[in-house]
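Here's the structure we're looking at; comments come further down.
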Amino acid sequence: MLYISDEEIAEILTMREAIDAVEKAFGEYARGSAMMPPRSTMMIDKHNGSVSLMPSYLEETNALATKIISIYPDNPRKGLPTTVAWIVVNDPETGMLDAMLDGTYLTAMRTGAVSGVAARYLAPKDSRVAAVIGCGAQGKTQAWAISEVLGLEEMRVFDLSEEGMNGFAEEMGPKLGLDMVKAGSGAEAVKDADVVLTATTSRNPVVRREGLGGRVPRGGRGGVFPRHRGLGTRGIPGGEGGGGRHEGLLGQGGG
Ligand SMILES: NC(=O)c1ccc[n+]([C@@H]2O[C@H](COP(=O)([O-])OP(=O)(O)OC[C@H]3O[C@@H](n4cnc5c(N)ncnc54)[C@H](O)[C@@H]3O)[C@@H](O)[C@H]2O)c1
């Protein structure tokens, strides 16, 4: 059985490939050739965490895989990542196990790539300034993804953790070739920004509609727990949900 580690995936997968693959999968879903039952989640309330199962099948691509993902927001205090995942890949014709993949890096890349697809189609083409609220693993890959598809010049960042904000600016500034501006608050970060990303573990909205400029398409990543909120409800187009599967958003997502 093939095992591919996070490190090996990081060596071979580019963000551009991740964005293109996510766009192709969305296309299959829209054409009805993808199967993706709602994520099944066990909340481990005692330890403020969750473990979810996420199976999916792409008929056109001929790919069958299930992700097992655990999300423990208190993990960083123990020196561990919030989000850790593994992916089981089956042969679609026989159901036999083909491969096991570390899924942590892929999860961050895939989630970032979704924002890349959204930015590719929804962001103003002349976007120059992006705001990122939440400087953890997801914030980094979302920032990477939107900078792949937009001609950004400046990224304003805000995080409750000064250390997180500094780490983000030091790592992502040179990597993306962008000026990083640390903001004193979320409201300061989003003021007049062309694109806004939220990737926090906050239970309360970190951005409200009143603070957003008129051009902003709201690239909110959406918390995976109902109690996690990125955008205020009125900040989401239509006030109900941004992108993603409808039943998943209504039943499981935050905002
Ligand atoms: N939608 C998806 O597919 C998907 C996939 C994976 C993770 N997630 C979600 O993404 C979120 C972030 O995950 P991560 O792995 O980047 O976590 P992380 O712990 O690495 O980063 C979260 C960051 O948010 C910051 N933060 C928390 N509250 C804040 C606030 N009010 N204002 C500003 N910053 C704040 C924290 O200081 C931290 O730096 C989690 O809620 C997770 O559930 C979503």
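One gets our numbering by counting positions in the sequence shown from 1 and adding 824 to each. The C-beta atom is built at its ideal place from N, Cα and C for all residues, glycine as well. Since the model is a prediction, treat every value here as computed from it, not as a measurement.
Ligand 1 and residue i: does any heavy atom of the ligand fall closer than 7 Å to the residue's C-beta?
{"i": "D869", "result": "no"}
{"i": "G1010", "result": "yes"}
{"i": "F850", "result": "no"}
{"i": "G936", "result": "no"}
{"i": "S880", "result": "no"}
{"i": "I957", "result": "yes"}
{"i": "P861", "result": "no"}
{"i": "D983", "result": "yes"}
{"i": "E1026", "result": "According to the sequence displayed, residue 1026 carries Ser and not Glu. Checking the Cβ of S1026 against ligand 1 gives yes."}
{"i": "G940", "result": "no"}
{"i": "A961", "result": "yes"}
{"i": "I895", "result": "yes"}
Closest to residue i by C-alpha separation, out of the options, would be which residue?
{"i": "L877", "options": "W968, S894, L984", "result": "S894"}
{"i": "F982", "options": "L976, K949, W968, T1024", "result": "T1024"}
{"i": "V1019", "options": "A967, S857, T890, S1009", "result": "A967"}
{"i": "G1010", "options": "T906, N1028, R863, Q962", "result": "N1028"}
In whole angstroms, what separates the C-alpha of residue i from that of residue j?
{"i": "L984", "j": "V846", "result": "30 Å"}
{"i": "I828", "j": "G1035", "result": "43 Å"}
{"i": "R855", "j": "L882", "result": "11 Å"}
{"i": "P905", "j": "Y896", "result": "8 Å"}
{"i": "E978", "j": "T918", "result": "49 Å"}
{"i": "N990", "j": "L1002", "result": "14 Å"}
{"i": "M866", "j": "A909", "result": "15 Å"}
{"i": "G1008", "j": "P998", "result": "22 Å"}
{"i": "L930", "j": "D1016", "result": "32 Å"}
{"i": "S959", "j": "E986", "result": "It should be noted that the sequence gives Cys, not Ser, for residue 959. The alpha-carbon atoms of C959 and E986 are separated by roughly 10 Å."}
On the premise that residue j lies in contact with residue i, defined as a C-beta separation below 8 Å, what is that separation, rounded to the nearest angstrom?
{"i": "G988", "j": "A969", "result": "That pair is no contact at about 19 Å."}
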